[in-house]
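Just so we're aligned, residue 290 is where the sequence shown starts under my numbering, counting upward by one.
To start, the structure under review is shown below, and the notes come after it.
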Amino acid sequence: MSKSILIDCDAGIDDAQALFLALCSPEVNVIAITVVQGNVLPKQVSVNVLRILRVADRLDIPIYVGSDKSLLDIDRPHDDNPYHGRDGLGDTPDPEPVDESLIKAETASNAIVRLCREHKGSLTLVCLGPLTNVATAIRQDPSLGKNLQHCVIMGGNYYGKGNMTVCSEFNFFSDPEAAKIVLTQLEGPITVIGMDPCYENALTWKEYDRLRETKSKVNDFLRRIEEKLFQKLRTDMGWEKYVPCDEFAMAVVINESAVVTEFKEVYATVEVKGEYTYGMMVVDWGRMLKRPNNVRLVTKFDNEEFLKMLYRPVNWK
């Protein structure tokens, strides 16, 4: 029997890869997708998700749009974010505009609350972007976590090495207050895949190139949206490997026993006041705070099994 999942994402290039992985895997059933500010603003994220679902022939999956602001930064400026392109998908022209009328009117946070109630005890919430929508849903319904079977989050870091600031990872830094609310107030099982094990298990460019050799509709789409970014990473920035963070998180959702070789049960929160550490995930490794564990932290992956899983969508359509 497949696992019902609700995906909350900010649909950049890595989200697209993770979404295709979920859509092609019989172990999971995607019941809805909510979109959040992150790589780009939610309106563009929803268009990106429609493009992905169209390639996958899954336009039946409902999409709900969240806030374009973080919890506290009411007038939060949002730049073009050249990492994923201005449109979040590598600035790749869409020859056929998507039908935006398919986007639902209900807000993302309302949909999260409702769907968790409707699927009480059987729904896994998969968070691939900033946690604004989920924190807002918790504010609307503090018992949200009790209705969930599991919450899986891609975000944070436990070595204190950031990719947005000295100490902070992108998703948590984009809305630190939301991340803190989710980690400390969601009353249910939480698994966190931070950026640290993702970097430790990055793909070599040879592995990536081999992955993109297959001729398929999904692979053709991924090659096009990845082209500018990956050229920049390989030549301009000198990256020796590709780090597939959202894909790791989705692989954990699909079959954690195959891809995860080590978890750590810990208490974790998020720094929301520090001058240099704002947005950093704080892990109480030494149990100094004497608080009960609230997070299951993924610390080691089986890279071979993960790579096998990445071949699923490229051989799918």
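Glycine included, every Cβ here is placed at the ideal spot set by N, Cα and C.
About 17 Å separates the beta carbon of residue 586 from that of residue 451, a gap too long to meet the 8 Å contact definition. Looking at 491, 476 and 308, the one whose alpha-carbon comes closest to that of residue 589 is 491. Assigned with DSSP and collapsed to three states, residue 530 falls in strand.
Excluding its 5 nearest sequence neighbours in each direction, residue 291 has C-beta neighbours in its own chain below 8 Å: 315, 316, 317 and 318, listed in chain order.
The stretch 519 to 537 makes no contact with the stretch 565 to 572; the number of CB pairs closer than 8 Å stays below 3.
Pairing residue 348 with residue 340, the inter-Cα distance amounts to about 9 Å.
A residue is called buried once 16 or more other Cβ atoms fall within 10 Å of its Cβ, and residue 425 is buried on that count. Within the stretch 314 to 385, the runs of beta strand (DSSP E) that reach at least 3 residues and sit entirely inside it are, in chain order, 317 to 324 and 352 to 354. Secondary structure note for residue 292: its beta strand (DSSP E) is the uninterrupted segment 292 to 298.
Across the set 293, 440, 479 and 306, the C-alpha of 306 shows the shortest separation from the C-alpha of residue 501. By alpha-carbon distance to residue 556, the top candidate from 563, 566 and 574 is 574. Within a 10 Å sphere around the beta-carbon of residue 469 sit 16 or more other beta-carbons, which makes this residue buried. A check of alpha carbon separations from residue 357 across 551, 379 and 323 identifies 323 as the nearest. The beta carbons of residue 477 and residue 521 sit about 39 Å from each other, so the pair does not count as a contact at 8 Å.
For residue 570, no alpha helix (DSSP H) segment is defined; the enclosing uninterrupted segment is the beta strand (DSSP E) at 570 to 572. The straight-line gap separating the alpha-carbon atoms of residue 431 and residue 549 is approximately 30 Å. Leaving aside the five residues that flank residue 406 on each side, the residues in its chain whose CB is nearer than 7 Å to its CB run, in chain order, 436. Residue pairing by DSSP puts residue 416 in a beta bridge opposite 297 and 442. Between the stretch 371 to 378 and the stretch 509 to 524 there are three or more inter-stretch CB-CB distances shorter than 8 Å, so the stretches are counted as touching.
For residue 482, DSSP records a beta bridge to 443. In chain order, 298, 303, 304, 306, 307, 417 and 443 place their CB closer than 8 Å to the CB of residue 535, counting only its own chain and leaving out the 5 sequence neighbours on each side. Between the beta-carbon of residue 338 and that of residue 300 there is about 5 Å, and that keeps the pair under the 8 Å contact cut. In the structure shown, residue 305 falls within a helical segment according to DSSP collapsed to helix, strand and coil. Burial is judged here by how many other beta carbons sit within 10 angstroms of a residue's own beta carbon; residue 321 has at least 16 and is buried. Secondary structure note for residue 495: it is in no beta strand (DSSP E), and the uninterrupted alpha helix (DSSP H) holding it is 494 to 500. The alpha carbon of residue 334 has as its nearest neighbour, out of 456, 346 and 419, the alpha carbon of 419. Bounds of the alpha helix (DSSP H) holding residue 424 are 421 to 429. Straight across, the Cα-Cα distance linking residue 391 with residue 481 is about 31 Å.
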